[in-house]
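Trainee:
In the numbering used here, the protein residues as written are 15 to 594.
(1) For residue 346, write down the residues that DSSP places opposite it in a beta bridge.
(2) For residue 156 and residue 277, I'd like the C-alpha separation in whole angstroms.
(3) Exposed or buried, which one is residue 102 when buried takes at least 16 other CB atoms within 10 Å?
(4) Under the rule that 16 or more other beta-carbon atoms within 10 Å means buried, what is residue 394, buried or exposed?
(5) Identify the continuous beta strand (DSSP E) that holds residue 470 and give its terminal residues.
(6) Please classify residue 271: is it buried, with 16 or more other beta-carbons within 10 angstroms of its beta-carbon, or exposed?
(7) Out of curiosity, what's the CA-to-CA distance linking residue 532 and residue 128?
(8) Any idea if residue 573 is buried or exposed, counting beta-carbon neighbours within 10 angstroms, 16 or more meaning buried?
(9) If you compare alpha carbons, which of 334, 344 and 524 is closest to residue 178?
(10) From residue 498 to residue 348, what distance separates their C-alpha atoms?
(11) Tell whether a beta-carbon distance below 8 Å holds between residue 95 and residue 79.
(12) Quick check: what's the CA-CA separation for residue 581 versus residue 88?
(13) Using the Cα positions of residue 412 and residue 286, report the straight-line distance between them to the nearest angstrom.
(14) Taking all protein chains shown into account, do 16 or more other C-beta atoms lie within 10 angstroms of the C-beta of residue 490, making it buried, or fewer, making it exposed?
(15) Taking only three categories from DSSP, how would you classify residue 379?
(16) Buried or exposed: where does residue 294 fall if 16 or more other Cβ atoms within 10 Å of its Cβ makes it buried?
(17) May I ask you to report which of helix, strand or coil DSSP gives residue 461?
(18) With a threshold of 8 Å, are at least 3 pairs of Cβ atoms found where one atom belongs to the segment 231-250 and the other to the segment 585-592?
(19) Taking the beta strand (DSSP E) that residue 115 falls in, what are its first and last residues?
(20) Give the straight-line distance between the Cα atoms of residue 167 and residue 309, rounded to the nearest whole angstrom.
(21) Which partner residues does residue 556 have in the DSSP bridge list?
(22) Quick one, are the C-beta atoms of residue 569 and residue 197 less than 8 Å apart?
(23) Between residue 492 and the rest of its own chain, which residues show a CB-CB distance below 7 Å, the 5 nearest in sequence each way excluded?
(24) Closest to residue 571 by C-alpha separation, out of 564, 565, 559 and 579, would be which residue?
(25) Going residue by residue through the segment 197-237, where are the continuous alpha helix (DSSP H) segments of at least 4 residues, counting only ones entirely within it?
(26) Report back the beta-carbon spacing between residue 473 and residue 512 to the nearest angstrom; my notes put them in contact at under 8 Å.
(27) Just how far apart, CA to CA, sit residue 375 and residue 563?
(28) Exposed or buried, residue 450, counting other C-beta atoms within 10 Å across all chains shown (16 or more means buried)?
(29) With DSSP collapsed to three states, give me the class of residue 585.
(30) Starting from residue 73, follow the alpha helix (DSSP H) in both directions and report where the run begins and ends.
(31) With the cut-off set at 8 Å, would you say residue 217 and residue 405 are in Cβ contact?
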């Protein structure tokens, strides 16, 4: 790696007001509220004691988090409860000024950055600061203060300098965490590690359903009941649900341990959402775009992510973004919900004869602007590994003829209805937008792009697949890259839906799918957990870790399987052990 550059001295405290342009350039993230790096605000209200709260834990009940690491900076997050009435979503409570500190050591003897952030009910008392002036590839500790209360200490790490050559990078990879469906043991497994550069969450960080609507297994049992006790619709609903998830002990520990890099899928708003609606939204629930704006605002407030300074993703604003890790890798996070056309409503027959609408060149999953941005991410002059954080699967999948008892279960996992002949076909993923997929693959082939690696969530199962230019003739011909898919943290998989023992009937389904899709090399329908992606100049390896029963808060965590792709090959192969 290159030598870290010196950290500039902290700016002196000043009473000069900070405008929005200065804020976005030097230190704040989020559309609501105002912050300044290393300086207070002239209008900042004095910090108040948390009257009615039971000590520091009550003031900082939702933990701390960091995210979107850059070589010189990182986003820091927390939420404060300054009074007993200041509950999430209440719109109650005073404006307060929260102090924050960043240090090289856990004891905060060597503080390198500090500042103040004004928050209040207009932003649900959340705090989000984009701290700059840090050293590349360096571990830091951070904390927050409100009055006499102090948060727990979080740990984070900046990215390598853009011209650095790190030996390896290592990321936790997760998706699909439904609180009603079980305990977040996968997050406990991540928090127990000390070797990750960051955690990548590929979407469905939380779910919109009310109690009894989508839970554990065949009966939709609620292991834990969602708050509020109904489907999220209002801004207060979305804020309360984010707050409930952030109170989970294992999630708090994972956030405090590592920087997180997040994107959303559908359930952050509503099931199978698209740009003008969602399957889980009807006219009786009000205007969809207003609902989406409320969900996006709560997400912006409650997540440690840069959202271009917006809370509602107006025209010109976006969630999709790139994060570079030296010359070794660049992570491009996609938003495959906000800009997509509606999923095909008619029920197609299986590949190779799907409904013609899935091949309509006027339909898009990315939107035109994001498509061009994605192609720019897949360029020869970018870092070696072009890692795409891809919420839904891009590999083509022909499910073929499955045993009758399994057809409905696969439909539930994919979220799609049965085809006219009973065969499932997932038009919610890139299979429903084949023109966009072809455009991406053609770009890779035309520009001879190597080491394109898609990491994916959504489908509640683990996959390792190659990305053929022509699936009908594969393995004759080349591959555009590879795709590794992580399992769900808790959301129902095939075993859960059928009620059959793990790796019995579902393994037969997996073998049928692999036989019909020679580019699919690994498929696990039955486990929950997390993955670890390790990248070197020679290869990228994904390790899958699985948990025991989701009902067990202390479920055991074990390594399951590992697959890798060697640089320049576009092929995957199994590995006998996880990275150490």
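All C-beta atoms in this analysis are idealised placements derived from N, C-alpha and C, irrespective of residue type, glycine included.
All figures in this text were calculated on a predicted structure; none of them were measured in a lab.
Mentor: Judging by the given coordinates:
(1) 336 and 402
(2) 23 Å
(3) buried
(4) exposed
(5) 466-470
(6) buried
(7) 55 Å
(8) Label assigned to residue 573: exposed.
(9) 344
(10) 15 Å
(11) Cβ atoms of residue 95 and residue 79: not closer than 8 Å.
(12) 30 Å
(13) 20 Å
(14) The residue in question, residue 490, is exposed, as its Cβ has fewer than 16 Cβ neighbours within 10 Å.
(15) coil
(16) buried
(17) If DSSP states are grouped into helix, strand and coil, residue 461 belongs with coil.
(18) no
(19) Membership of residue 115 in the beta strand (DSSP E) is indicated by the continuous run 110-117.
(20) When rounded, the distance between both Cα atoms is 29 Å.
(21) 547 and 577
(22) It is a contact, given that the beta carbons lie within the stated cut-off.
(23) 483 and 584
(24) Considering only alpha carbons, the answer is 559.
(25) If we require 4 residues or more, the alpha helix (DSSP H) runs fully inside the segment 197-237 come out as 199-205.
(26) Not quite, the Cβ-Cβ distance comes to about 16 Å (not below 8 Å), so this is no contact.
(27) 44 Å
(28) buried
(29) The answer is coil: DSSP assigns residue 585 none of H, G, I, E or B.
(30) 70-73
(31) yes
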